[in-house]
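Protein chains in written order, with full-length UniProt numbering: chain A, 1 to 286; chain B, 1 to 286. Heads up, the beta-carbon is just placed ideally off N, CA and C, and yes, glycines get one too. As the structure is a computational prediction, the values presented were derived from the model and not from experiment. Encoded as structure tokens, the structure appears first; notes follow it.
2 protein chains.
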Amino acid sequence: MSLTVVASQAAPLAIDAPRELFEQACSAMLTKTPDGGMLVFPEMHLFADGQPDRARTKAYQQAAEPLDGPRVTWLRQLAAGLGVWLVPGTVCERGPSGELFNTALAIRPDGEVAATYRKIFPWRPLEPFTPGQDFAVFDVPGAGRMGLCICFDSWFPEVSRNLAWLGAETIINVVKTTTPDRPQEMVMARANAIVNQVSFLSVNAAAPVGRGLSAFFGPEGETLAEIGDDAPADMVCEVSTQRVRRARAEGTAGVTRPWAFFHSGDQPVELPAYGGRIDPTRWNRD
Amino acid sequence: MSLTVVASQAAPLAIDAPRELFEQACSAMLTKTPDGGMLVFPEMHLFADGQPDRARTKAYQQAAEPLDGPRVTWLRQLAAGLGVWLVPGTVCERGPSGELFNTALAIRPDGEVAATYRKIFPWRPLEPFTPGQDFAVFDVPGAGRMGLCICFDSWFPEVSRNLAWLGAETIINVVKTTTPDRPQEMVMARANAIVNQVSFLSVNAAAPVGRGLSAFFGPEGETLAEIGDDAPADMVCEVSTQRVRRARAEGTAGVTRPWAFFHSGDQPVELPAYGGRIDPTRWNRD
């Protein structure tokens with residue numbers, strides 16, 4: 001079983017750009033990759049507020065809508081019209097108490113929302129968002145369980161770890177990194193794949209706003225697709241449940257099975273940083 | 001402030017090798033690097049049981065001693081005689097209930113033991129050790145706080161995370177990786193450095209037993225020293241508190257400060273995988 005995911009390393013569209021621009025971009029991706037079953041865009045792809053992007057709080061506040069507002073309704077109709085899964089980057093969400101969230105969403109080919117995820121680690125001090133609280137995974141028929149994370153989340157291994165623990169076999173990391181630490185993020189993306197034995201898709205914005213360097217890593221850290229510069233480009237990723245399940249069953253490099261570590265009778269590993277523990281009875285994934 | 005650490009990518013010595021072989025190796029390292037203040041050896045460096053090494057449970061059981069036994073007493077005398085810090089890889093420790101532990105230790109230049117650490121994640125199924133329970137950090141005058149971890153521990157980001165949370169600025173990872181997943185470990189070592197903004201020293205055994213590829217990464221993931229193959233070699237590492245503290249103060253690539261993420265009033269991040277949380281009041285390190 002597999003799914004062809006097309007990830008767009010593109011510069012963000014202006015907040016007030018005509019909707020046709022995004023619709024045309026989606027259609028063009030599917031014309032180029034007719035078997036594409038999911039389209040993925042970078043963080044804040046529909047929310048550029050200048051050139052270069054300035055991430056102004058006021059512009060975000062004005063653009064924010066609740067998730068049942070017209071923007072997401074339009075995106076749902078777009079996904080249904082195209083008949084594909086759509087991860088349109090993130091949107092500025094107005095929360096129930098007026099909070100501003102940086103929220104990723106995954107929309108099904110029938111136009112229903114499969115998952116929403118509010119970024120837990122906004123990049124401070126620049127981002128004005130309230131941190132989210134909850135991890136999000138969703139099931140894609142034929143392609144296993146996926147998890148959502150956003151940009152700076154990848155600097156916290158806790159995010160990928162919890163997504164994998166919740167069953168994610170593929171993690172989609174939508175990114176808008178404009179700073180020179182994008183090479184570090186590539187290291188962490190690959191490591192997040194290896195330690196969790198998941199596939200990890202990291203799609204960044206293109207120049208002149210973003211630093212590019214999008215990539216799709218397999219569960220042993222192998223590079224399955226990549227864009228080596230910051231130019232606009234599509235990246236075609238074959239998401240396979242078999243790849244992850246084989247790595248977990250046979251081991252990374254044929255030998256190492258971190259998800260099968262514990263034996264019956266092992267004590268929990270107490271983790272003082274979290275006031276929690278790795279509980280053997282709730283951990284092994286084999 | 002800094003400390004010159006000399007790490008030996010060497011093949012392990014046989015369990016019954018004359019003690020002079022190890023003493024001579026230490027002396028030779030200091031002859032070559034006279035300002036060396038700490039000597040570090042790979043995991044199980046004094047415990048080869050054949051060629052190639054077979055990690056036989058019986059050989060380990062026979063060699064195991066409590067930490068107040070003659071082997072550690074000899075190592076303490078050796079460190080004191082040389083007047084250097086000594087991390088002699090790991091030893092087979094016989095626990096108080098007869099358990100077999102894979103235990104790292106750091107010995108001070110006065111011959112006192114600064115820290116002991118029982119490997120929490122023995123590489124299963126090959127290793128016969130009982131997992132340890134506790135993280136270990138220790139303070140080195142002039143070189144800040146260090147933490148110990150052992151080989152497969154590096155596949156669990158929880159280990160480096162907890163060492164950093166306990167204040168470690170440098171993590172010493174002693175390794176005996178004989179399998180083809182050593183390149184993956186290099187990715188994880190670098191990522192462990194970046195996400196925690198620590199220096200990370202990973203020293204593996206040399207051929208014909210180990211796969212080599214030892215390296216010393218700085219807190220932004222930069223390569224400060226490395227051995228690019230599996231040949232026996234010394235690696236000289238300048239451990240600087242200033243480097244870590246500057247990265248945390250000014251940010252990775254001058255911009256990103258993960259240890260300064262939280263604001264007052266932020267809610268804890270609940271982590272279902274651990275039944276714990278990141279508590280803002282106990283987290284920031286700036």
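Inter-residue Cα distance where the pair is residue i and residue j
{"i": "residue 216(A)", "j": "residue 109(B)", "result": "47 Å"}
{"i": "residue 77(B)", "j": "residue 236(B)", "result": "23 Å"}
{"i": "residue 275(A)", "j": "residue 82(B)", "result": "41 Å"}
{"i": "residue 159(B)", "j": "residue 123(A)", "result": "25 Å"}
{"i": "residue 218(B)", "j": "residue 198(B)", "result": "7 Å"}
{"i": "residue 182(A)", "j": "residue 97(B)", "result": "49 Å"}
{"i": "residue 59(A)", "j": "residue 51(A)", "result": "14 Å"}
{"i": "residue 153(B)", "j": "residue 272(A)", "result": "16 Å"}
{"i": "residue 55(B)", "j": "residue 128(B)", "result": "8 Å"}
{"i": "residue 18(A)", "j": "residue 44(A)", "result": "16 Å"}
{"i": "residue 185(A)", "j": "residue 21(B)", "result": "43 Å"}
{"i": "residue 174(A)", "j": "residue 204(A)", "result": "6 Å"}
{"i": "residue 15(A)", "j": "residue 266(A)", "result": "53 Å"}
{"i": "residue 141(B)", "j": "residue 202(B)", "result": "21 Å"}
{"i": "residue 251(B)", "j": "residue 26(B)", "result": "37 Å"}
{"i": "residue 249(A)", "j": "residue 255(A)", "result": "10 Å"}
{"i": "residue 31(A)", "j": "residue 23(A)", "result": "12 Å"}
{"i": "residue 245(B)", "j": "residue 253(B)", "result": "14 Å"}
{"i": "residue 72(A)", "j": "residue 101(A)", "result": "14 Å"}
{"i": "residue 268(B)", "j": "residue 132(A)", "result": "10 Å"}
{"i": "residue 228(B)", "j": "residue 68(B)", "result": "37 Å"}
Close beta carbons around residue i, own chain, < 6 Å, minus the five adjacent residues each side
{"i": "residue 136(A)", "result": "115, 117, 148"}
{"i": "residue 106(A)", "result": "87, 114, 115, 138"}
{"i": "residue 194(A)", "result": "221"}
{"i": "residue 6(B)", "result": "29, 33, 36, 39, 234, 236"}
{"i": "residue 190(B)", "result": "217, 221"}
{"i": "residue 224(A)", "result": "216, 218"}
{"i": "residue 301(B)", "result": "A question about residue 301(B) goes unanswered here, because the residues of chain B that appear run from 1 up to 286."}
{"i": "residue 226(A)", "result": "215"}
{"i": "residue 282(A)", "result": "none"}
{"i": "residue 53(B)", "result": "209"}
Residue j beta carbon less than 8 Å from that of residue i
{"i": "residue 80(B)", "j": "residue 111(B)", "result": "yes"}
{"i": "residue 95(B)", "j": "residue 130(B)", "result": "yes"}
{"i": "residue 172(B)", "j": "residue 192(B)", "result": "no"}
{"i": "residue 247(A)", "j": "residue 196(A)", "result": "no"}
Closest residue to residue i among the options (Cα-Cα distance)
{"i": "residue 13(A)", "options": "240(A), 133(A), 42(A), 164(A)", "result": "42(A)"}
{"i": "residue 169(A)", "options": "141(A), 152(A), 241(A)", "result": "241(A)"}
{"i": "residue 61(B)", "options": "73(B), 48(B), 52(B)", "result": "48(B)"}
{"i": "residue 139(B)", "options": "50(B), 266(B), 239(B)", "result": "239(B)"}
{"i": "residue 70(B)", "options": "91(B), 87(B), 53(B)", "result": "91(B)"}
{"i": "residue 103(A)", "options": "84(A), 126(A), 134(A)", "result": "134(A)"}
{"i": "residue 260(B)", "options": "201(A), 125(A), 151(A)", "result": "125(A)"}
{"i": "residue 188(B)", "options": "254(B), 161(B), 165(B), 166(B)", "result": "161(B)"}
{"i": "residue 157(B)", "options": "186(A), 185(A), 258(A), 44(A)", "result": "258(A)"}
{"i": "residue 85(A)", "options": "121(A), 282(A), 146(A)", "result": "146(A)"}
{"i": "residue 155(B)", "options": "120(B), 132(B), 53(B)", "result": "120(B)"}
{"i": "residue 1(A)", "options": "263(A), 243(A), 25(A), 279(A)", "result": "243(A)"}
{"i": "residue 151(A)", "options": "164(A), 200(A), 196(A)", "result": "200(A)"}
{"i": "residue 284(A)", "options": "166(A), 65(A), 132(A)", "result": "166(A)"}
Spatial neighbours of residue i in its chain, beta-carbon cut-off 7 Å, leaving aside the 5 residues before and after
{"i": "residue 270(B)", "result": "277"}
{"i": "residue 206(A)", "result": "9, 10, 11, 212, 230, 231, 232"}
{"i": "residue 99(A)", "result": "130"}
{"i": "residue 75(B)", "result": "86, 88, 107"}
{"i": "residue 63(B)", "result": "15, 47, 92"}
{"i": "residue 3(B)", "result": "37, 38, 140, 142, 143, 239"}
{"i": "residue 262(B)", "result": "280, 283, 284"}
{"i": "residue 57(A)", "result": "128"}
Proximal residues to residue i (C-beta, below 8 Å), its chain only, five neighbours per side dropped
{"i": "residue 264(B)", "result": "280"}
Exercise for review: Inspect the CB distances between the region 168-183 of chain A and the region 207-225 of chain A and report whether three or more fall short of 8 Å.
Suggested key: With a cut-off of 8 Å on Cβ pairs, the region 168-183 of chain A is in contact with the region 207-225 of chain A, counting three or more such pairs.
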